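When the letters of the sequence shown are read in order and numbered with the numbering used here, they come out as residues 5 to 349.
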Amino acid sequence: MLGLDLLKENTDYFGLDIGTSAIKIVQLKKAFGKYELVSFGSTPVPDGASQSDSDIDKKKVSEEIKKLVHSMHLVTKNVMVSLPGSAVFTTVINVPKMSLAELKKAVGYQAEQNIPLKISEVKIDWQVIGEVPAKNEIMVMIIAAPMAKTKKILDICEESDLELSAVETNAVAAARALQTNEPLYMIVDIGTYMTELTVVRGGIVSLTRTIPVGGQVMTRAIAQSLGMEEAQAEQFKRKFGIEQDKMEGQLYKASKSVLNTLKEEIDRSMKYYSEQFGDNVSMLKLTGGGSRTLGIQQFLTESLGVNVVYGNPWAMVVHKPDITNQLNSNAPDFAIAVGLAMRGI
């Protein structure tokens, strides 16, 4: 995907999720047809470093990756990495049914027409996500990643003494990790500054959007409303969440505008999907560090009137019973890393 796919048979890989606030690593192996946990770990990212393109910050990120890899005693250097939705451009097109060779040419032409970036400066990937029988058409999702973004990932891996084997998007990785028996659902991945909304139908990513809402955005709103430092606001948010019966509802009121934006954007995406594809999304799967805020699940359930659950990327992974509680406590943080690790086996 995205112009780089160097997977080899009988080779070990691990998933590397370079987030805004933390780096997560997961290595799995296949045993008796099941995924088995080999190792997992995380470490904080120096503030702003992972979002920067400077050589100094890339080196900071690489140093943290090397420390984490060393602490986890990983033997393999082969790694899968993903790009966030904010770093790529995604569009869905409808084209007449055609052969694979014709479709490749059509995608190239449509990419030039629909992507507001120079084609010579991006890596293109695409997949068929559905059909329109009445028009004898197929729906194709096109993903374009600026070469500068994939080059940055490559630079970080090289600086970390790792071999980059594949690059894909956060949405695809998370969908792989959270796929269960539900035929249609939306993943709501709440990060530090951004939330990725991904509709998954039959295991295939059918719609993806990124909105400027995240845990830190909520923290900032609380700090400004209550006249306190962001560090203190973060402490209050982690302890009490945004439940209305905590702290006399002050945190809920302070973050209400951010919560409403999140709810409205999710609702808009669900309606758009219904209009375009004819199906209604009735389940949300929460993931990402920001989703752990107490009260988020209840707020979205009540305000949207849909079933809201926490996605558990460890559900399909065999592991030792004595770490079950630890895995469950941080499950929202590891969906992307687990999904990347699954791709390698």
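For glycine and all other residues, C-beta sits at the position ideal for the given N, C-alpha and C. For clarity, every value in this text was computed on a predicted model and none was experimentally measured.
Item: Inter-stretch contact (C-beta, 8 Å, three-pair minimum) for the region 121-130 and the region 56-63; Value: no
Item: Extent of the continuous alpha helix (DSSP H) run through Y314; Value: Not the alpha helix (DSSP H): Y314 falls in the beta strand (DSSP E), residues N311 to Y314.
Item: Member of N311, E40, F44 and A26 whose CA lies at the smallest distance from the CA of D51; Value: A26
Item: Helix, strand or coil at L4 [DSSP, three-state]; Value: No statement about residue 4 is possible, as the shown extent of the chain runs from 5 to 349 and does not include it.
Item: Close Cβ partners of A110 (< 7 Å) along its chain, the five nearest in sequence each way excluded; Value: V99 and M102
Item: Uninterrupted beta strand (DSSP E) stretches inside the region 61-95 (no shorter than 3 residues); Value: 82-87
Item: Secondary structure of E269, DSSP reduced to three states; Value: helix
Item: Residue closest to S46, alpha-carbon to alpha-carbon, out of E67, L72 and V65; Value: L72
Item: Assigned secondary structure, L298 (DSSP; H/G/I helix, E/B strand, else coil); Value: coil
Item: Reference V204; option with closest CA among L41, L104 and M274; Value: M274
Item: Enclosing beta strand (DSSP E) for S169 [first to last residue]; Value: E167 to T173
Item: Stretch pair the region 137-154 + the region 305-315: three plus CB contacts closer than 8 Å; Value: no
Item: Enclosing alpha helix (DSSP H) for D193 [first to last residue]; Value: Counting along the chain, D193 falls outside any alpha helix (DSSP H), though it belongs to the beta strand (DSSP E) covering L188 to I194.
Item: Buried or exposed by the 16-neighbour rule on C-beta atoms within 10 Å, applied to G348; Value: buried
Item: F338 to V136 span [Cα, whole Å]; Value: 35 Å
Item: Proximity of G19 and G343 at Cβ, strictly below 8 Å; Value: yes
Item: Buried/exposed call for A341, threshold 16 Cβ in 10 Å; Value: buried
Item: Separation of K155 from S75, as counted between CA atoms; Value: 26 Å
Item: Separation of P88 from R242, as counted between CA atoms; Value: 24 Å
Item: Span of the beta strand (DSSP E), counted from its first residue to its last, around I146; Value: E141 to P150
Item: Alpha-carbon spacing of M320 relative to T184, whole angstroms; Value: 9 Å
Item: Rounded separation between Y3 and P216 - CA only; Value: A question about residue 3 goes unanswered here, because the residues of the chain that appear run from 5 up to 349.
Item: Own chain partners of E186 with C-beta closer than 8 Å, once the 5 adjacent residues on each side are dropped; Value: M287
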